[in-house]
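Q: Under full-length UniProt numbering, think of the first position of the sequence shown as 1, with each following residue one higher. We put the CB at the ideal spot given by N, CA and C, even for glycine.
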Amino acid sequence: MDESFANLQTSHLLGSVPAVISDDKKSKDVHIASVNEGSSANMQIFPPYQGNNSKEGPEQQPPNNWKGFFNVYSYTQYFDVDTDVVVNRLMSSLYPTSGDFFNKIDANPDMYGLVWICTTLVFVLASLGNCATYLVKKRTDSAAPWVFDVNYINLAASIIYGYAIIVPLGFYFSLKYMGSKADLLRFWCLWGYSLFIFIPTSLPLLIPVEFLRWVIILLAGSASSCFVALNLRSYLETNNDVTVVVAAAFGLQMFLSIFIKVWFFP
Numbered sequence: 001m002d003e004s005f006a007n008l009q010t011s012h013l014l015g016s017v018p019a020v021i022s023d024d025k026k027s028k029d030v031h032i033a034s035v036n037e038g039s040s041a042n043m044q045i046f047p048p049y050q051g052n053n054s055k056e057g058p059e060q061q062p063p064n065n066w067k068g069f070f071n072v073y074s075y076t077q078y079f080d081v082d083t084d085v086v087v088n089r090l091m092s093s094l095y096p097t098s099g100d101f102f103n104k105i106d107a108n109p110d111m112y113g114l115v116w117i118c119t120t121l122v123f124v125l126a127s128l129g130n131c132a133t134y135l136v137k138k139r140t141d142s143a144a145p146w147v148f149d150v151n152y153i154n155l156a157a158s159i160i161y162g163y164a165i166i167v168p169l170g171f172y173f174s175l176k177y178m179g180s181k182a183d184l185l186r187f188w189c190l191w192g193y194s195l196f197i198f199i200p201t202s203l204p205l206l207i208p209v210e211f212l213r214w215v216i217i218l219l220a221g222s223a224s225s226c227f228v229a230l231n232l233r234s235y236l237e238t239n240n241d242v243t244v245v246v247a248a249a250f251g252l253q254m255f256l257s258i259f260i261k262v263w264f265f266p
């Protein structure tokens, strides 16, 4: 090889290998330094871990102000009952003379019974009421046309839900005005379970015998009325004002049972 080419300086050339290697090394060093600086900066932004302080999710406790009324989780405590508790309270409503229902629900009054019983009773009255009118019509005139009355559902929902919500609310404000102790949640629970007896009673009301229907509904109404009146009396102080309130509760419950017979099982 000619010695003149061996002595040439190549470091000044743009495409020389040493220059490329040097630039790559410098860029990598700069990139690593920027990543380290960014990581340290990010770690300084977030505070140290202090446990589960998240304010989102199902575990959040509802605020103790008016906004809690619009939070679904504010009402979960009123539906926190198991099957055994609900069955025990349903059976208590079938034995009205005991008068100890408020003692059973004192630790945990629930709204589950009111919602479930009212919803079931609405569909039972709407369906069996139409069946009762069908049987009566076919018994009197088998050739007469019969049409399913959908309005039974609207009427049953308005009457049952309205009664179970508004009547205890009225007694609550009345007793508060008279200075007697009153608990709206316990009243809703009492009146809700008092309607359970009308669910199994609706089935024998299909018998197309008018006298037998009246006997059945009056017995069921009397049992439901006694359940409300006796438990309400044991919960409140025994004075003249409370006696009038108890009598009014008994009368309203009987009126509801007669309305069910007249309108849904004519």
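(1) Have a look at N231, L125, L252, V245 and flag the residue whose alpha-carbon is nearest the alpha-carbon of F102.
(2) Can you list, in chain order, the residues of its chain whose CB lies under 7 Å from that of A126, leaving out five sequence neighbours each side?
(3) Measuring CA to CA, which of L218, A132, F259 is closest to P208?
(4) Go through its chain and collect everything with a Cβ distance to M254's Cβ below 6 Å, but skip five positions before and after it.
(5) Which same chain residues end up closer than 7 Å to V167 when comparing Cβ atoms and leaving out the 5 residues on each side of it in sequence?
(6) Between the Cα of P266 and those of A247, Y134, L175, spot the shortest distance and give me the residue it belongs to.
(7) Go through its chain and collect everything with a Cβ distance to Y112's Cβ below 7 Å, but skip five positions before and after it.
(8) Enumerated in chain order, which unbroken segments of the beta strand (DSSP E) with a length of 3 residues or greater are wholly contained in the segment 131-155?
(9) So which of M91, A143, V262, L236 has the shortest CA-CA distance to K176?
(10) Please tell me whether S93 and Y193 are closer than 9 Å, where the distance is taken between their beta carbons.
(11) Mapping the DSSP letters down to three states, classify P96 as helix, strand or coil.
(12) If distances are taken between C-alpha atoms only, which option among T97, V122, A249, T120 comes closest to L169?
(13) Under a Cβ-count criterion, where at least 16 other Cβ atoms within 10 Å of its own Cβ denotes burial, should W146 be classed as buried or exposed?
(14) What does the alpha-carbon distance come out to for the pair I159 and A143?
(15) So within the segment 154-194, which uninterrupted beta strand (DSSP E) runs reach at least 3 residues, ignoring any that extend past its ends?
(16) With DSSP run on the structure shown, which of helix, strand or coil describes S202?
(17) Considering only the beta carbon of each residue, do I105 and R213 sit closer than 9 Å?
(18) In angstroms with no decimal places, state the Cα-to-Cα distance between S202 and L121.
A: Per the coordinate set shown:
(1) N231
(2) Y152, I153, A156
(3) A132
(4) G221, S225
(5) W191, L252
(6) Y134
(7) F79, V81, V86
(8) none
(9) L236
(10) yes
(11) coil
(12) A249
(13) exposed
(14) 33 Å
(15) none
(16) coil
(17) no
(18) 9 Å
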